[in-house]
Amino acid sequence: MKIAVGTKNNTKVKAVKAVFHEAHHTIMASDVQPSVSKQPFSDEETLQGAIERATLAVSQQQADIGIGLEGGVFVAQDGTIWLCNWGALVDRDEVVVVAGGARIPLPREIGEQLKMGKELAEVMDGYANRHDVRSNEGAIGILTNGAIDRTTMYTHIVHMLKGQYEHKKKGWINR
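Mapping the sequence shown onto numbering that gives the first Met the number 0, position 58 (from 1) lands on 57, and the numbers just tick up by one.
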């Protein structure tokens with residue numbers, strides 16, 4: 000099966016490879032640009048980014064399935080900014096499945112910088128005093144003190160996508 004991943008970010012590609020590790024799978028990273036902002040600021044926008052990444056990847060690579068993984072933030076009713084993550088799997092027949100991942104509140108100082116228009120990747124590099132956090136442990140890794148990293152978080156999402164897709168292909172879900 001030919002699987003296109005809607006990014007070249009290594010943490011996301013590794014997550015897909017961890018789930019689709021069988022020899023009959025060929026996994027290709029695709030440099031796609033969804034229409035969402037570089038810093039999605041709602042669940043809806045983050046989910047839209049994941050769906051667009053999957054759709055663009057499957058089309059660009061003429062793959063059997065495309066997988067899109069998108070990280071973003073959302074503002075809760077109390078004003079707290081939370082980390083959110085979404086994934087989507089789209090096949091050639093336009094069957095779509097989605098799954099959400101870990102959510103944790105961001106420290107106030109990170110949220111304030113995001114409100115000023117900065118991207119989480121840039122803010123996290125400064126916060127952690129490290130370079131390219133997004134390609135390594137990610138915000139989730141920094142903020143959980145390494146208990147879970149970005150690849151592990153996205154691997155969980157990809158497992159849910161694969162499981163739902165397989166279930167759907169059995170004919171159990173008619174949506």
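Quick reminder that beta carbons are idealized off the backbone N, C-alpha and C, glycines included.
Original post:
Helix, strand or coil for Asn135 per DSSP?
Top reply: Taken through DSSP and simplified to helix, strand or coil, Asn135 comes out as coil.
Original post:
How many angstroms separate the CA atom of Gly78 from the CA atom of Arg102?
Top reply: Roughly 15 Å between the two C-alpha positions.
Original post:
Exposed or buried, which one is His155 when buried takes at least 16 other CB atoms within 10 Å?
Top reply: Taking all protein chains shown into account, His155 has 16 or more neighbouring C-beta atoms within 10 Å of its C-beta and is therefore buried.
Subject >> Pick from Lys1, Asn135, Gln60 that is closest to Lys11, judged by C-alpha positions >> reply: Checked all of Lys1, Asn135, Gln60; the closest Cα to Lys11 is Asn135.
Original post:
Using 8 Å as the Cβ pair cut-off and three pairs as the minimum, do the region 45-62 and the region 129-143 touch?
Top reply: Not touching, per the Cβ criterion.
Original post:
Residue range of the alpha helix (DSSP H) that Val12 falls in?
Top reply: Per DSSP, the continuous alpha helix (DSSP H) segment holding Val12 begins and ends at 9-18.
Original post:
To the nearest angstrom, how far is it from the Cα of Val122 to the Cα of Gly170?
Top reply: Across the structure, Val122 and Gly170 are spaced so that their CA atoms are roughly 44 Å apart.
**OP:** Could you tell me which uninterrupted alpha helix (DSSP H) segments, each at least 4 residues in length, are contained entirely in the region 15-71, listed from first to last along the chain?
**Re:** Taken in chain order, the complete alpha helix (DSSP H) segments of 4 or more residues contained in the region 15-71 are 42-59.
**OP:** Would you tell me roughly how many angstroms separate the C-alpha atoms of Ile66 and Ala56, rounded to the nearest one?
**Re:** Going by the C-alpha atoms only, they are around 7 Å apart.
Original post:
Cα separation between Lys37 and Phe73?
Top reply: Distance from the CA atom of Lys37 to the CA atom of Phe73, rounded to whole angstroms, is 14 Å.
Subject >> Whether Leu46 touches Ala75 by CB criterion (9 Å) >> reply: Taking C-beta atoms as the reference points, Leu46 and Ala75 fail to come closer than 9 Å.
Original post:
Are the Cβ atoms of Ala17 and Thr150 separated by less than 9 Å?
Top reply: Yes, the Cβ-Cβ distance between Ala17 and Thr150 is below 9 Å.
Original post:
With 16 other CB atoms within 10 Å as the buried threshold, where does Ala232 fall?
Top reply: This structure cannot settle anything about residue 232, because the visible part of the chain is limited to 0 through 174.
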